[in-house]
Structures are given as structure tokens and as C-alpha cells.
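*Asks:* Here the sequence shown stands for residues 1 to 98, numbered as in the UniProt record's numbering.
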Amino acid sequence: MKPFIYVPPPSWLLLVLMCCPLLAWWRLQMVLLARCEGHCSRSTRSDPLISFSSVLKQPFKSTCSCCRPHSSKLKAVRLRCSGGTRITATYRYILACN
1 MKPFIYVPPP
11 SWLLLVLMCC
21 PLLAWWRLQM
31 VLLARCEGHC
41 SRSTRSDPLI
51 SFSSVLKQPF
61 KSTCSCCRPH
71 SSKLKAVRLR
81 CSGGTRITAT
91 YRYILACN
């Protein structure tokens, strides 16, 4: 089973909650992220999305087009599960917004 993610709205840290019901374990890990926030006709935000596959098809979730990531870099984080298993998550770390 793939891990699932809980993102607390105003935070720059992503709380990754991994679960595997077959092995009956849960694990939490914090991952540092950056986001774009601003105001045009309404409040706007672009958040990076996390992928647990080797391809990151859609790197950001944006609510408006006036405050978007301008430059970013691909990052990967190795998450350690209980029992020693590891899984890699990839995401775009935002360097600048426009």
C-alpha cells in the first residue's frame, strides 16, 4: 500500500504519514517544503505535490495564476519505514515565485 500524506494548511513543513495495515505500523516524518502565496483578486497559493513514483507529472497545485512558482528544483527524500524498509518521495522545491 502506498503512503498517504496529510498537509496542514498554513505550514511550510509537510507531515508525511505512512501506513501499512498489513504490517500494522504507522510512521510520521517531517519534510521541508516551500510554497508561493499572494493576493490578486482573491487569495492565491501554489503548493508542491509529492509523488511516490519515479515520475512527477504535475509538480504544483495552484489556486490562481497570479502567484506561481517561477523556478524550482527537483528534490527527493528517503523515508524510512519501521522494519527498515525505505521509500523515496520526489517533489519540486520552490526557489522563486512570480
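The beta carbon of each residue, even a glycine, is placed where N, CA and C say it ideally should be.
Closest to residue 91 by C-alpha separation, out of 37, 84 and 78, would be which residue?
*Replies:* The residue with the shortest Cα to Cα distance from residue 91 is 78.
*Asks:* Under DSSP, the beta strand (DSSP E) around residue 97 begins and ends at which residues?
*Replies:* Its beta strand (DSSP E) spans residues 86 to 97.
*Asks:* In the DSSP assignment, find the beta strand (DSSP E) that holds residue 76 and state where it starts and stops.
*Replies:* Residues 69 to 80.
*Asks:* Is it buried or exposed, residue 80, if we count other Cβ atoms within 10 angstroms and call 16 or more buried?
*Replies:* Residue 80 should be labelled exposed.
*Asks:* Nearer than 7 angstroms: is that true of the beta carbon of residue 94 relative to any heavy atom of the ligand NAD?
*Replies:* Within the structure as shown, the ligand NAD is missing, as the structure has no ligands at all.
*Asks:* Look at the alpha carbon of residue 96 and the alpha carbon of residue 89, and state the distance between them as a whole number of angstroms.
*Replies:* The alpha-carbon atoms of residue 96 and residue 89 are separated by roughly 22 angstroms.
*Asks:* Quick check: what's the CA-CA separation for residue 71 versus residue 87?
*Replies:* Taking the straight line from one Cα to the other gives about 26 angstroms.
*Asks:* Helix, strand or coil: which one does DSSP assign to residue 32?
*Replies:* Reduced to three states, the DSSP call for residue 32 is strand.
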